[in-house]
Structures are given as structure tokens and as C-alpha cells.
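Per our numbering, the very first residue in the sequence shown carries number 7; after that it's consecutive. Positions of the beta carbon are idealized from the N, C-alpha and C atoms, including for glycine. A short write-up of the structure that comes next.
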Amino acid sequence: MIDLSAAEFDVVVLGGGNAALCAAISAREFGASVLLLEHAPRAFRGGNSRHTRNLRLMHTEPAGVLSDSYSEAEYWDDLHRVTAGRTDEALARMTIRASGDLMTWMQRHGVHFQPALTGTLGLSRTNAFFLGGGKALVNAYYATAERLGVTVVYDTEVQSVHLDGDRVREIVVSSRGFPATIRARAVVAAAGGFQANIQWLKRYWGDAADNFIIRGTPYAKGRVLDALLEQGVEPVGDPTQCHAVAIDARSPKFDGGIVTRLDCVPFSIVVDRNAQRFYDEGEDVWPKRYAIWGRLIAKLAGQIAYSIIDSKAESLFMPSVFPAIRADSIAELAHRLELDPAALEATVREYNAAVVPGAFSSQALDGCKTEGLTPPKTHWARTIDTPPYLGYPLRPGITFTYLGVRVDERARVIRTDGRGMSNLYASGEIMAGNILGQGYLAGFGMVIGSVFGRIAGKEAALHARA
Numbered sequence: 007m008i009d010l011s012a013a014e015f016d017v018v019v020l021g022g023g024n025a026a027l028c029a030a031i032s033a034r035e036f037g038a039s040v041l042l043l044e045h046a047p048r049a050f051r052g053g054n055s056r057h058t059r060n061l062r063l064m065h066t067e068p069a070g071v072l073s074d075s076y077s078e079a080e081y082w083d084d085l086h087r088v089t090a091g092r093t094d095e096a097l098a099r100m101t102i103r104a105s106g107d108l109m110t111w112m113q114r115h116g117v118h119f120q121p122a123l124t125g126t127l128g129l130s131r132t133n134a135f136f137l138g139g140g141k142a143l144v145n146a147y148y149a150t151a152e153r154l155g156v157t158v159v160y161d162t163e164v165q166s167v168h169l170d171g172d173r174v175r176e177i178v179v180s181s182r183g184f185p186a187t188i189r190a191r192a193v194v195a196a197a198g199g200f201q202a203n204i205q206w207l208k209r210y211w212g213d214a215a216d217n218f219i220i221r222g223t224p225y226a227k228g229r230v231l232d233a234l235l236e237q238g239v240e241p242v243g244d245p246t247q248c249h250a251v252a253i254d255a256r257s258p259k260f261d262g263g264i265v266t267r268l269d270c271v272p273f274s275i276v277v278d279r280n281a282q283r284f285y286d287e288g289e290d291v292w293p294k295r296y297a298i299w300g301r302l303i304a305k306l307a308g309q310i311a312y313s314i315i316d317s318k319a320e321s322l323f324m325p326s327v328f329p330a331i332r333a334d335s336i337a338e339l340a341h342r343l344e345l346d347p348a349a350l351e352a353t354v355r356e357y358n359a360a361v362v363p364g365a366f367s368s369q370a371l372d373g374c375k376t377e378g379l380t381p382p383k384t385h386w387a388r389t390i391d392t393p394p395y396l397g398y399p400l401r402p403g404i405t406f407t408y409l410g411v412r413v414d415e416r417a418r419v420i421r422t423d424g425r426g427m428s429n430l431y432a433s434g435e436i437m438a439g440n441i442l443g444q445g446y447l448a449g450f451g452m453v454i455g456s457v458f459g460r461i462a463g464k465e466a467a468l469h470a471r472a
């Protein structure tokens with residue numbers, strides 16, 4: 007067992023997910039000795055990255071599992087629209103361009119890809135899927151890091167990061183229950199956000215946060231982020247914003263992962279606990295809108311909603327790990343969902359009467375819509391009239407928070423006085439708010455972590471070895 011207080015490393019990486027691993031591998035390849043501190047035990051290593059399955063890549067022609075092309079201009083337009091312009095365009099475009107060679111780098115470091123699966127939201131043109139999912143990706147990176155000589159220590163929580171002017175002076179940790187103080191020539195903060203810290207979430211959401219379900223790692227408490235912000239690092243991103251999707255309300259409180267997400271929303275009507283619709287379920291293609299639904303549900307009474315479909319839609323999406331609640335009538339389904347049967351019957355009847363038939367397409371914006379209905383359903387509107395009827399209870403599933411630290415194009419952390427830290431860099435969720443001011447684009451979080459992980463690792467190594 008390594009004596010952390012006595013050890014000396016060029017670069018210390020705080021975190022154990024995709025962004026941290028990319029930084030550790032990159033720093034090691036640039037000649038630095040590297041220590042990676044993972045809060046979780048080995049069996050749960052990898053942070054939220056182990057629950058991912060793809061990333062979004064720019065490409066000018068078909069490449070590997072990617073079909074057709076996805077230009078910088080289109081990528082930027084997609085990002086600009088989902089963030090409503092709340093993004094650092096220079097950093098965003100740099101990230102988009104850098105995504106063009108990520109697949110080659112990832113393959114060189116042990117990651118394998120597979121064609122998009124049926125029902126994966128029509129992403130085969132824009133997103134590359136990991137063979138074996140995020141856990142396989144994480145395992146491949148850990149194997150590569152250890153082969154290169156990165157020292158990995160598990161069960162190690164950062165308690166505080168002490169800054170001295172523009173430098174990290176020391177890091178205090180609890181490693182397997184024992185305290186240690188670590189010093190390093192350069193540090194990469196890649197420890198994620200504060201989404202697993204319910205008390206911190208309640209600062210902005212109040213008691214509603216008690217009903218939030220945390221999709222990913224329970225170890226993302228935000229200690230590193232909190233320590234940096236308290237010592238004059240410039241914050242970036244809206245603290246009230248988070249990547250929140252609609253997930254099955256029967257999911258575990260923590261770590262349920264991607265299988266708890268429900269992709270049925272575009273093909274359904276979604277009602278609150280009074281059995282009333284409250285938003286356009288067909289506003290846009292699902293990869294560009296799925297991340298708004300957690301926030302919508304978070305604002306409802308009780309933070310609960312219900313997705314209602316019939317048998318025509320059952321095969322159009324990847325279902326939850328939990329079985330649908332089924333019934334032969336709308337009234338019976340309402341009873342099983344603990345909704346008012348008369349109210350749900352009236353909502354379905356009103357919706358069905360407003361549906362204007364069109365050419366249905368589950369893979370693109372289509373001509374099926376409603377008329378004279380508030381709120382409207384602008385695409386994929388089909389009558390709900392073919393039993394059995396299915397329902398899923400929905401709650402907000404929090405993936406990551408948007409509050410983070412400001413960085414420059416070299417991944418250097420920036421202080422509130424505008425100066426860059428001389429030996430502190432950041433990658434992943436802890437700095438994603440520079441680029442994702444709000445909203446989300448499927449697979450883009452992994453791109454930010456990969457691109458800035460590589461940059462942060464390189465820059466930390468060059469600084470430490472200078």
C-alpha cells in the first residue's frame with residue numbers, strides 16, 4: 007500500500023471517470039509520473055462514465071460505425087440551439103473540432119465500438135456507441151493507465167484542496183479511512199459535480215430535491231468543486247441547472263444508470279398527478295429534447311408524472327428495466343397508476359379528438375400533430391386507442407450539475423481576478439458549464455470530458471516536467 011503523504015508525483019488527477027482517465031493517460035504519455043485518486047471502491051470505479059454508452063463525433067464522411075457525415079457547422083448549430091446560446095463559442099468549437107480524431111485515440115487506448123442498436127434514438131449518424139457500454143470503456147482505460155504506469159488508488163476521498171495564490175499547495179484526502187496530505191507539481195480536477203449531494207441540491211430546489219433520483223455515482227458530492235469556489239476560483243454555469251431526464255420512478259435512489267431512462271415520451275402523452283398534460287411531448291427529436299423532461303417534472307407537485315401509451319407505440323423505444331404498468335382500459339390503467347380514472351379518460355379523449363393524422367415516422371419530425379389542443383403535440387401524435395394500454399411513472403433523474411469552474415483553452419482553471427492557475431487544470435463535469443450553460447446534446451458530455459481530459463493531462467505534464 008502506497009504511503010500517499012510520502013509519495014511524490016508530477017501530476018495528481020482527482021477523479022476516476024472518463025475525463026480523469028483521459029487526463030491520466032495523456033499526462034503519462036507526455037512523460038509525467040501520475041497518481042489518480044478515485045473516491046469509489048474498485049468495483050464501482052468510473053463515476054458516471056460507466057453508465058454512458060456513446061459520444062457525439064464530428065466527421066466529414068462515413069467512419070467506422072458512423073454513417074454519412076456530421077459537419078462542424080451542423081454540430082455547432084445543434085449545440086447552440088439546445089443551450090440557447092449559453093455557451094463559450096470558442097471553447098465549444100474547439101471541442102467540436104477536437105472530437106474529429108477522438109475515435110482513433112480511443113481505439114488506440116483499448117476502446118471498441120459497435121453499430122448503434124435498434125431503438126437508440128436514430129443516433130447512428132452522429133454518435134459512436136461503445137462495445138460493452140461505459141463500463142467496458144472505463145475498464146479499457148484503467149487497463150491502459152495501469153499498463154502505462156499510472157498509480158491508481160481507490161477508496162480515496164478528497165477532503166480539501168489548499169490553494170496558495172495561483173498554485174495548489176496540497177491536497178488532503180481520506181484514503182481507506184486514513185488521512186493523508188499529498189503534494190504534486192500539477193493537479194487535474196476531474197471529480198464531477200455535486201449531483202449526489204442532496205443538501206446542496208436543496209439550496210436551489212428546496213424540498214423537491216428529496217424526490218430527485220440520482221442516475222449515476224453516489225460519490226459525486228462536490229467536495230473538490232466546493233473547495234475551489236471557496237478559494238477564489240471563478241464559477242461558471244448556472245447552479246440551478248442540471249442534466250435532468252425523465253426516468254422510471256421505481257428506480258433506486260442512486261446509481262440506477264441509463265437503463266432507468268424512459269424514451270417513450272415522444273410517442274406518449276405525459277400527465278401530472280391530476281392526469282393533465284403540461285408540455286408538448288413532440289417538440290423535437292428526442293436526442294435534442296430528452297434532457298428537458300427531468301426539469302419539467304421537477305417543477306410539478308410531488309415531482310411525479312406519468313407517460314401513457316398504447317400497444318401501437320410499445321416497440322418504438324428502449325423500455326425501462328422495469329416493466330410497464332399494463333391495463334385493458336384507460337380507467338383501469340389510471341387506477342393502477344393511482345390517478346383519477348375520469349380525469350385520465352377525459353384527457354385521453356380530448357387528445358384523441360385533436361389528433362390530425364399524418365405520415366408517422368419514429369425516426370424524424372413527422373406530420374402527425376394535434377390541432378386546437380393546449381399544450382399541442384407537434385409531432386408523433388397518434389390516437390391512444392389500441393389496448394393494452396401502458397403507463398410508466400416518471401421522476402427527475404439527475405445525471406450531473408452545471409455549476410463548475412472556468413477554464414481556458416489549455417484547461418487551466420481561472421481565478422475570479424482573471425488570472426489562470428499555474429498548476430491547476432480541470433476536465434469533465436467540473437468544467438462542462440463553460441460549454442453547456444443549459445440543455446444537453448446526447449453524447450456531448452463524454453466529448454467534453456475526453457477532449458479536455460487530454461488537454462489537461464498534456465498541459466499538467468508539460469508544466470510539471472518544465
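### Query
Can you name the start and end residues of the beta strand (DSSP E) that Glu-163 belongs to?
Indexing the sequence shown from 1 puts residue 163 at position 157. Looking at the DSSP string, the run of the beta strand (DSSP E) that includes Glu-163 is 162 to 170.
### Task
Please state whether DSSP places Tyr-148 in a helix, a strand or coil.
The residue given as residue 148 occupies position 142 in the sequence shown. Looking at Tyr-148 - three-state DSSP - the assignment turns out to be helix.
### Task
Figure out for me which residue from Val-419, Arg-62, Ala-387 and Lys-318 has the closest Cα to the Cα of Met-109.
Reading the sequence shown from its first residue, position 103 is the one you call residue 109. Nearest C-alpha to Met-109: Arg-62.
#### Entry: Asp-346 versus Ala-281: straight-line alpha-carbon distance, rounded
By 1-based counting over the sequence shown, the position of residue 346 is 340. By 1-based counting over the sequence shown, the position of residue 281 is 275. Whole-angstrom Cα-Cα distance: 7 Å.
### Query
With burial defined as no fewer than 16 other Cβ atoms inside 10 Å of the residue's Cβ, what is the status of Glu-14: buried or exposed?
Within the sequence shown, the letter at position 8 stands for residue 14. The residue in question, Glu-14, is exposed, as its Cβ has fewer than 16 Cβ neighbours within 10 Å.
### Task
With DSSP as the reference, label Ile-315 as helix, strand or coil.
Counted from its first residue, the sequence shown places residue 315 at position 309. Of the three classes helix, strand and coil, the one that applies to Ile-315 here is strand, per DSSP.
### Task
Could you name the residues of the same chain whose beta carbon sits closer than 8 Å to that of Gly-410, not counting the 5 residues immediately before and after it, in chain order?
Position 404 of the sequence shown, counted from the start, is the residue given in the question as residue 410. Contacts found: Gly-199, Leu-231, Pro-241, Val-242, Gly-243, Ala-432, Glu-435, Ile-436, Met-437, Ala-438, Gly-439 and Asn-440.
### Message
Does Leu-63 come out as helix, strand or coil in the three-state DSSP assignment?
### Response
Translated into the one-based positions of the sequence shown, residue 63 becomes position 57. The answer is coil: DSSP assigns Leu-63 none of H, G, I, E or B.
### Message
On the DSSP bridge list, what partners appear for Val-242?
### Response
On the sequence shown, residue 242 is found 236 positions in, with the first residue counted as 1. Gly-410, per the DSSP bridge assignment.
#### Entry: Segment contact, 8 Å Cβ cut-off, at least three pairs: the stretch 246 to 263 with the stretch 290 to 299
yes
### Message
Looking at the secondary structure, which residues open and close the alpha helix (DSSP H) in which Asp-83 lies?
### Response
Sequence index remark: in the sequence shown, residue 83 carries index 77 (1-based). Note, Asp-83: alpha helix (DSSP H), 78 to 89.
### Query
Which two residues bound the contiguous beta strand (DSSP E) that contains Arg-332?
Indexing the sequence shown from 1 puts residue 332 at position 326. Per DSSP, Arg-332 belongs to the beta strand (DSSP E) from 331 to 333.
### Task
Look up Gln-120 in the DSSP assignment and say whether it is helix, strand or coil.
Here the question's residue 120 lines up with position 114 in the sequence shown. It is a strand residue.
### Query
Does the beta carbon of Ile-275 fall short of 7 Å from some heavy atom of the ligand ZN?
In the structure shown, the ligand ZN is absent, as is every other ligand, since no ligand is present at all.
### Message
Output needed for Gln-247: all residues of its chain with C-beta closer than 6 Å, excluding positions within five of it in sequence on either side, in chain order.
### Response
The residue given as residue 247 occupies position 241 in the sequence shown. For Gln-247, where only same-chain residues beyond five positions count, the Cβ hits under 6 Å are Tyr-408 and Gln-444.
### Query
When the distance is taken between beta carbons, is Ile-219 closer than 8 Å to Ser-166?
Position 160 of the sequence shown, counted from the first residue, corresponds to residue 166. Position 213 of the sequence shown, counted from the first residue, corresponds to residue 219. No; because the gap between Cβ atoms is not below 8 Å, this pair is not in contact.
### Task
Please state whether DSSP places Pro-185 in a helix, a strand or coil.
The residue labelled residue 185 in the question sits at position 179 within the sequence shown. Looking at Pro-185 - three-state DSSP - the assignment turns out to be strand.
### Query
Could you give the distance in angstroms between the alpha-carbon of Val-277 and the alpha-carbon of Thr-58?
Counting from one through the sequence shown, the residue named residue 277 turns up at place 271. Counting from one through the sequence shown, the residue named residue 58 turns up at place 52. In this structure, the straight-line span from the alpha carbon of Val-277 to that of Thr-58 is close to 28 Å.
### Message
If I measure Cβ to Cβ from His-115 and keep anything under 8 Å in the same chain, skipping five residues before and after, which residues do I get?
### Response
Looking up residue 115 in the sequence shown gives position 109. Contacts found: Ile-31, Ala-146, Tyr-147 and Thr-150.
### Delimiting residues of the alpha helix (DSSP H) encompassing Val-354
Position 348 of the sequence shown holds residue 354. 347 to 360 is the span of the alpha helix (DSSP H), which, as asked, contains Val-354.
### Task
Pick out whichever of Lys-464, Gly-449, Ala-462 and Asp-161 has its Cα sitting closest to the Cα of Phe-136.
As a working note, residue 136 is residue 130 in the sequence shown. Of the candidates Lys-464, Gly-449, Ala-462 and Asp-161, the one whose C-alpha sits nearest the C-alpha of Phe-136 is Gly-449.
### Task
Tell whether a beta-carbon distance below 8 Å holds between Arg-209 and Thr-266.
Sequence index remark: in the sequence shown, residue 209 carries index 203 (1-based). Sequence index remark: in the sequence shown, residue 266 carries index 260 (1-based). It is not a contact, given that the beta carbons lie outside the stated cut-off.
### Spatially closest choice to Gly-22 from Ser-39, Arg-416, Pro-47 and Glu-176, by CA coordinates
As a position in the sequence shown, residue 22 is number 16, starting the count at 1. The residue with the shortest Cα to Cα distance from Gly-22 is Pro-47.
### Message
Looking at chain D, is there any beta carbon in it that lies within less than 8 Å of the beta carbon of Gly-116?
### Response
No chain D appears in the structure shown, which is made up of a single protein chain.
### Task
Confirm, please, whether the CB-CB distance from Asp-269 to Pro-224 is below 8 Å.
Taking the sequence shown and counting its residues from 1, the one referred to as residue 224 is at position 218. Taking the sequence shown and counting its residues from 1, the one referred to as residue 269 is at position 263. The answer is no: Cβ separation not under 8 Å.
### Message
For Leu-27 and Leu-468, what's the separation of their Cα atoms in angstroms?
### Response
Working through the sequence shown from its first residue, we reach residue 27 at position 21. Working through the sequence shown from its first residue, we reach residue 468 at position 462. Leu-27 and Leu-468: Cα-Cα distance of roughly 17 Å.
### Query
Below 8 Å between beta carbons: does that hold for Asp-172 and Arg-412?
The residue given as residue 172 occupies position 166 in the sequence shown. The residue given as residue 412 occupies position 406 in the sequence shown. Not in contact: Asp-172 and Arg-412 (Cβ atoms no closer than 8 Å).
### Query
Would Leu-42 pass as a contact of Val-158 if the rule is Cβ separation under 8 Å?
Position 36 of the sequence shown, counted from the start, is the residue given in the question as residue 42. Position 152 of the sequence shown, counted from the start, is the residue given in the question as residue 158. Closer than 8 Å, so yes.
### Task
Just list the alpha helix (DSSP H) runs in the stretch 19 to 72, keeping only unbroken ones of 4 residues or longer that don't cross its boundaries, in chain order.
Counting only runs of 4 or more, we get 24 to 35.
### Query
Where does Leu-322 fall in DSSP's three states?
For this step, residue 322 is matched to residue 316 along the sequence shown. Residue state, collapsed to three classes: coil.
#### Entry: First and last residue of the uninterrupted beta strand (DSSP E) at Ser-75
Within the sequence shown, residue 75 is the residue found at index 69, counting from 1. Run containing Ser-75: none; DSSP gives neither H nor E here.
### Query
Since Asp-16 contacts Arg-471 with CB under 8 Å, what's their CB separation in whole angstroms?
As a first step, residue 16 is located in the sequence shown; it is residue number 10 there, counting from the start. As a first step, residue 471 is located in the sequence shown; it is residue number 465 there, counting from the start. Sure, about 6 Å apart at Cβ, within 8 Å.
### Message
To the nearest angstrom, how far is the alpha carbon of Gly-424 from that of Lys-227?
### Response
On the sequence shown, residue 424 is found 418 positions in, with the first residue counted as 1. On the sequence shown, residue 227 is found 221 positions in, with the first residue counted as 1. CA-to-CA, the gap between Gly-424 and Lys-227 works out to about 27 Å.
### Query
Where Leu-343 and Ala-255 are concerned, what is the direct C-alpha to C-alpha distance, given to the nearest angstrom?
Counted from its first residue, the sequence shown places residue 343 at position 337. Counted from its first residue, the sequence shown places residue 255 at position 249. Between Leu-343 and Ala-255, the C-alpha separation is close to 11 Å.
### Query
How big is the Cα-Cα spacing for Ala-195 and Val-156?
By one-based count along the sequence shown, residue 195 stands at place 189. By one-based count along the sequence shown, residue 156 stands at place 150. About 16 Å.
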